[in-house]
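Data first, discussion second: the structure below is written as structure tokens.
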Amino acid sequence: MLVYMVRHGQTDWNAEGRLQGQKDIPLNRVGERQAAANGRALKTLIGAHVADYDFVSSPLTRCRQTMEAIRGELGLDVGAYRMDERLREISFGDWEGHTLAEIEERHPDAIAVREASKWDFIPPGESAESYEILSWRIAAWLATVDRPTVCVAHGGVIRSVFRIKDLMSGGDAAVAPIPQDRILKIDEGSAQWV
Numbered sequence: 003m004l005v006y007m008v009r010h011g012q013t014d015w016n017a018e019g020r021l022q023g024q025k026d027i028p029l030n031r032v033g034e035r036q037a038a039a040n041g042r043a044l045k046t047l048i049g050a051h052v053a054d055y056d057f058v059s060s061p062l063t064r065c066r067q068t069m070e071a072i073r074g075e076l077g078l079d080v081g082a083y084r085m086d087e088r089l090r091e092i093s094f095g096d097w098e099g100h101t102l103a104e105i106e107e108r109h110p111d112a113i114a115v116r117e118a119s120k121w122d123f124i125p126p127g128e129s130a131e132s133y134e135i136l137s138w139r140i141a142a143w144l145a146t147v148d149r150p151t152v153c154v155a156h157g158g159v160i161r162s163v164f165r166i167k168d169l170m171s172g173g174d175a176a177v178a179p180i181p182q183d184r185i186l187k188i189d190e191g192s193a194q195w196v
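Residue 153 in our numbering sits at position 151 of the sequence shown, and the numbers go up by one each step.
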């Protein structure tokens, strides 16, 4: 299995430190530049083998914009890719749209509880998920990957892949930095930022 995973480019909410989760926030100008640069990097990595690859994205706008920029840099039809609902970001429930500082101000103990067991923590709200719950969706998606793939998704999705592939513990995956200007190459039992 060879998968190149790309986190969507920066949004204004990323820049402000807001939990996006499944809110549909578009890329900002920095994010657009990051997406195009990742497309150029993939062109170097994939080269003439681009026709062998499946292209799949989270359905959220920031991922679709990133995928379309990548495909444009690869000289491909920008809209000819698949979307998979399972690749949506983790749901932060009632916390979406807020910064951690805002949450701590309203609920002083909530952040400490989250930090004590971040992988398993479920924020308040009906739709909220833990990283563990998210990883079930992502494991189901990974089981369907049957050819080289370029996937554009979210930080939480990549954290889940680290755990599913036994590359990190849940605790480590939950806090690992997930850059927006790099590409994660997953090949059999290894993963590296390229």
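From the three backbone atoms N, C-alpha and C, an ideal C-beta is built for every residue, glycine too. Bear in mind the structure is a predicted one, so any value in this text is a computation, not a measurement.
Cβ-based burial, residue i [other Cβ within 10 Å; buried from 16]
i, result
"Gln12", "buried"
"Val159", "buried"
"Ser129", "exposed"
"Val196", "exposed"
"His51", "exposed"
"Glu98", "buried"
"Arg31", "exposed"
"Arg149", "exposed"
"Arg1", "Given that the chain is displayed from residue 3 to residue 196, the structure contains no residue 1 and the question cannot be resolved."
"Arg108", "exposed"
Start-to-end residues for the alpha helix (DSSP H) that takes in residue i
i, result
"Arg116", "Ala112 to Ala118"
"Trp15", "Asp14 to Glu18"
"Arg88", "First-last for Arg88: undefined, no H or E at that position."
"Tyr6", "Taken as a continuous stretch (DSSP letters only), Tyr6 belongs to no alpha helix (DSSP H), being part of the beta strand (DSSP E) at Leu4 to Arg9."
"Asp174", "Gly172 to Val177"
"Thr146", "That residue, Thr146, is in no alpha helix (DSSP H); it is neither H nor E in DSSP."
"Leu47", "Arg31 to Ile48"
"Leu78", "Leu78 -> no alpha helix (DSSP H), and no H or E assigned at all."
"Glu106", "Leu102 to Arg108"
Integer-rounded CB distance, given that residue j should sit under 8 Å from residue i
i, j, result
"Ala1", "Thr68", "There is no way to answer for residue 1, as the model of the chain reaches only from 3 to 196."
"Val152", "Tyr6", "5 Å"
"Glu131", "Ile92", "5 Å"
"Leu4", "Asp189", "5 Å"
"Tyr83", "Val115", "The Cβ separation is near 39 Å, so there is no contact."
Distance CB(residue i)-CB(residue j) smaller than 8 Å
i, j, result
"Gly41", "Gly74", "yes"
"Val154", "His10", "yes"
"Lys167", "Ala193", "yes"
"Pro125", "Asp96", "yes"
"Ala71", "Ile185", "no"
"Ile180", "Gly157", "yes"
"Gly191", "Thr101", "no"
Residue range of the unbroken beta strand (DSSP E) whose run includes residue i
i, result
"Phe164", "Note, Phe164: premise wrong, no beta strand (DSSP E); alpha helix (DSSP H) at Gly157 to Ile166."
"Ser185", "The question names Ser, but residue 185 is Ile in the sequence shown. Residues Ile185 to Asp189."
"Ser60", "No beta strand (DSSP E) contains Ser60, which DSSP labels as neither H nor E."
"Gln194", "Ser192 to Trp195"
**Study point:** Three or more C-beta pairs below 8 Å linking the segment 51-63 and the segment 24-31
**Key:** yes
Exercise for review: Decide yes or no for the touch test of the segment 118-132 against the segment 154-174: beta carbon pairs closer than 8 Å, at least 3 of them.
Suggested key: yes
Practice item. Check whether the segment 131-149 touches the segment 86-104, counting contact only when three or more Cβ pairs, one atom from each stretch, lie closer than 8 Å. Key: yes
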